[in-house]
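Visitor: Residue numbers are given in my numbering: position 43 of the sequence shown equals residue 80, and the series is strictly consecutive.
Glycine residues also receive a C-beta, built at the ideal position from the N, C-alpha and C atoms.
In this text, all values refer to a predicted model and were calculated from it rather than measured experimentally.
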Amino acid sequence: MAQRPALDFIEVHSENFFADGGATLAVLEAGRAAYELSLHGVGLGLGSAAGLDPWHLDRLQQLVARVQPRWVSDHACFARVGSGLHAGDLLPIRFDDASLALMVAHVQQVQERLGRPLLVENISAYLGWQGDTLAEPEFFNELTRRSGCGLLLDLNNLVVNARNDGLAPAAAAQAACAWVDALRPGCVGEIHLAGHCELPDLVIDDHGSRVRDEVWQVYQHSLARLGPVATLIEWDTALPELAVLLDEAEGARRRQRELLSC
């Protein structure tokens with residue numbers, strides 16, 4: 038914060054600032070005074086059949102009212118089971134009509150409480166359900182159309198999922214580009230980019246390294262398809278020097294400038 042680098046906006050996890058005061062909230066308010074702010078949640082569990090946690094929604098509403106962010110987002114996942122069990126993780130939902138109806142209802146509930154549209158992110162999933170009847174982009178097309186929410190398009194998650202389906206990096210990038218091509222116009226409100234970790238039998242969305250070349254390839258394709266979109270570099274594991282983070286952000290800016298100059 039002391040350096041005030043040239044950034045378009047900053048993004049934080051909403052749940053880290055649910056306290057009524059203290060040092061963390063003071064830091065957030067200082068950041069909000071310097072930059073546009075995005076609140077990115079990980080705990081709503083929008084696809085949970087158990088419903089939304091009233092306390093969580095209350096705290097989110099209070100935080101939004103306090104800091105007035107530019108965007109508020111969470112994930113297309115489930116996390117809550119029963120009255121009090123929270124998985125502490127982003128668990129994949131089934132892509133079918135019943136799951137879609139549940140997600141639409143929960144997204145609308147959040148939007149009515151906050152008085153603003155929500156952005157909903159596609160997740161990296163390391164297991165899945167049998168019996169999906171909707172393709173994932175079709176699911177998000179219908180979710181955004183029926184609820185009025187936007188899509189927070191995580192391109193690294195698309196590549197990670199394709200890699201874990203057995204595709205090589207180049208083929209995974211092609212699959213991710215096809216995913217983006219299937220989206221309806223105007224539904225994307227923000228893009229996430231990140232690095233991932235390759236293990237012998239698994240690729241993990243760990244946000245701990247530079248954005249991979251194949252993800253940049255999908256980003257350039259997405260910009261050509263969607264136009265300029267607010268873009269965040271996620272890096273919250275093994276944090277590097279600030280200069281590295283700024284260089285990654287400049288990589289996204291440069292690609293947007295190149296698009297606009299064409």
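Helix, strand or coil for HIS258 per DSSP?
Guide: In this structure, HIS258 counts as helix in the three-state DSSP scheme.
Visitor: Look up GLU73 in the DSSP assignment and say whether it is helix, strand or coil.
Guide: In the structure shown, GLU73 sits in a strand (DSSP, three-state: E or B).
Visitor: Considering only C-alpha positions, which residue in the set GLY80, ALA71, ALA67 is nearest to GLU52?
Guide: Answer by Cα proximity: GLY80.
Visitor: May I have the straight-line CA-CA distance separating PRO237 from ARG200, to the nearest angstrom?
Guide: Each residue's Cα considered, the two are about 12 Å apart.
Visitor: Could you tell me the boundaries of the alpha helix (DSSP H) in which ASP218 lies?
Guide: Counting along the chain, the alpha helix (DSSP H) containing ASP218 begins and ends at 206-218.
Visitor: What's the C-alpha gap between ALA219 and GLY58?
Guide: So the alpha carbons of these two residues sit roughly 44 Å apart.
Visitor: Within the continuous alpha helix (DSSP H) that includes VAL141, where are the two ends?
Guide: Unbroken alpha helix (DSSP H) run through VAL141: 134-151.
Visitor: Specify the secondary structure class of ALA280 as computed by DSSP and reduced to three states.
Guide: If DSSP states are grouped into helix, strand and coil, ALA280 belongs with the helices.
Visitor: Could you tell me the distance, in whole angstroms, from the CA atom of ASP284 to the CA atom of PRO42?
Guide: Roughly 11 Å separates the two Cα atoms.
Visitor: Taking the runs of the beta strand (DSSP E) that are 3 residues or longer, which of them lie wholly in the region 67-115?
Guide: Listed in chain order, they are 73-77, 108-112.
Visitor: Would the region 272-286 count as touching the region 240-259 if we require 3 or more Cβ pairs under 8 Å?
Guide: At 8 Å Cβ cutoff, the stretches touch.
Visitor: Which residue spans inside the region 172-198 form an unbroken alpha helix (DSSP H) run of at least 4?
Guide: Counting whole runs of 4 or more residues, the region 172-198 contains the alpha helix (DSSP H) stretches 173-184.
Visitor: What's the C-alpha gap between ALA205 and ALA56?
Guide: Their backbone Cα atoms lie some 44 Å apart in a straight line.
Visitor: Indicate the three-state DSSP secondary structure (helix, strand or coil) for ALA286 in the structure shown.
Guide: Helix at ALA286.
Visitor: Please classify GLY78: is it buried, with 16 or more other beta-carbons within 10 angstroms of its beta-carbon, or exposed?
Guide: Buried, since its Cβ has 16 or more Cβ neighbours within 10 Å.
Visitor: Between which residues of its own chain and LEU164 is the CB-CB distance below 7 Å, once the five residues before and five after are set aside?
Guide: Around LEU164: PRO129.
Visitor: Starting from VAL248, trace the beta strand (DSSP E) both ways and give me its first and last residue.
Guide: Run containing VAL248: none; DSSP gives neither H nor E here.
Visitor: Name the DSSP beta bridge partners of VAL266, please?
Guide: Bridge partners of VAL266: none, in fact.
Visitor: Which two residues bound the contiguous beta strand (DSSP E) that contains GLU227?
Guide: Taken as a continuous stretch (DSSP letters only), the beta strand (DSSP E) holding GLU227 covers 225-231.
Visitor: For THR170, collect the residues of the same chain with a Cβ closer than 6 Å to its Cβ; drop the 5 residues on either side in sequence, then sort them by chain order.
Guide: ASP133, listed in sequence order.
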